[in-house]
Amino acid sequence: MPSGSGQGAGDDGMRVIQGEDLLAGSDHEFLVTLYTSVLNRWPDEEGYRHYLGRIEGNAAERRAVVEEVATSEEARRVGVSVRFGDDPPLGPAPAVEPPPAAVSAEAVSPTPPVPPPAGLAQEIAALRREMDLLRVATATATSIRAEAAPEGRLERVEAALEALRADVEALHRYAAGALKRQLADYVNDLLSVERAHLENRLRLVEKRLLEDGNQGAR
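Position 156, counted from 1, in the sequence shown is what full-length UniProt numbering calls 156; the numbers after and before it change by one each time, with no gaps.
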């Protein structure tokens with residue numbers, strides 16, 4: 001994941017990131033890099049699913065997603081703007097303070113999210129290796145679906161999917177037992193994103209199985 005490259009400070013004191021540095025990697029890596037670099041936090045599940053749906057199979061949409069996140073109110077609060085080439089930095093217009101009577105508790109800006117604790121490279125690398133194994137298992141289930149004979153095909157794939165779900169639960173238990181207590185929230189956020197990504201893949205496999213079954217019954 002790129003970090004610390006192509007950065008500087010704008011005239012307004014905001015940290016400026018080169019937009020080209022955010023566009024590389026897989027769809028998952030792109031979204032994680034975008035969130036951690038611009039918003040200083042890991043993707044939330046809803047935002048991850050929304051943007052993944054826009055960029056999956058459509059790399060040309062990545063720049064539009066970067067511009068949308070970079071011009072958000074959250075990016076302004078974090079103090080980050082994004083620049084593509086020699087273009088002016090992207091960023092939201094300065095916030096206009098409402099009159100005193102309009103101020104409410106909901107209008108108070110929340111504290112920017114705290115970045116993950118330092119010195120955790122080994123633990124995070126181990127966790128990512130576990131997640132890579134889950135992605136390989138998902139691909140294996142898809143392969144079983146394609147190669148299985150018509151007789152018993154659904155049962156075989158369903159068994160593979162159940163095994164994948166069991167792996168996800170085992171990964172949760174691994175994270176809870178192996179990592180330090182202060183990492184619990186950080187790791188759970190990461191697992192939620194990976195689980196959402198995996199569940200999307202599993203639903204696609206199940207949907208195709210049902211469609212194939214309906215066609216075979218006609």
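Note that CB positions come from ideal geometry on N, CA and C, so glycine has one too. The model shown is predicted, which means the values in this text are computed figures rather than measured ones.
Can the beta-carbon of residue i be found less than 7 Å from the beta-carbon of residue j?
i: V82; j: G19; result: yes
i: V16; j: A75; result: no
i: L22; j: L34; result: yes
i: V78; j: N40; result: yes
i: D167; j: L134; result: yes
i: L202; j: L171; result: no
i: E68; j: A196; result: no
Could you spell out where the beta strand (DSSP E) holding residue i opens and where it closes?
i: residue 230; result: In the structure as shown, the chain begins at 1 and stops at 218. Residue 230 is therefore absent and cannot be evaluated.
i: S81; result: 80 to 83
Identify the continuous alpha helix (DSSP H) that holds residue i and give its terminal residues.
i: G47; result: 45 to 55
i: A64; result: 62 to 70
i: D27; result: 27 to 34
Alpha carbon to alpha carbon, how far is residue j from residue i? Give it in angstroms, no decimals.
i: E130; j: S192; result: 14 Å
i: R63; j: A70; result: 10 Å
i: H28; j: E61; result: 14 Å
i: V114; j: E169; result: Bear in mind that a pLDDT of 49 at V114, under 50, signals an unreliable position, so the model cannot answer this.
i: L210; j: W42; result: 34 Å
i: A107; j: A59; result: The predicted model places A107 with a pLDDT of 48, which falls under 50 and marks its position as unreliable; any figure quoted below should be read in that light. A107 and A59: Cα-Cα distance of roughly 36 Å.
i: Y174; j: L164; result: 15 Å
i: T36; j: N214; result: 44 Å
i: D132; j: D212; result: 29 Å
i: F84; j: E155; result: 50 Å
i: L198; j: S72; result: 28 Å
i: R54; j: R208; result: 21 Å
i: V205; j: I124; result: 29 Å
i: N200; j: V80; result: 31 Å
i: G47; j: A159; result: 31 Å
i: V96; j: N188; result: Low per-residue confidence applies at V96: pLDDT is 49, beneath 50, and the placement is therefore not dependable enough to give any value.
i: E194; j: G57; result: 18 Å
i: D86; j: M14; result: 17 Å
i: Y186; j: L52; result: 21 Å
i: L127; j: R49; result: 21 Å
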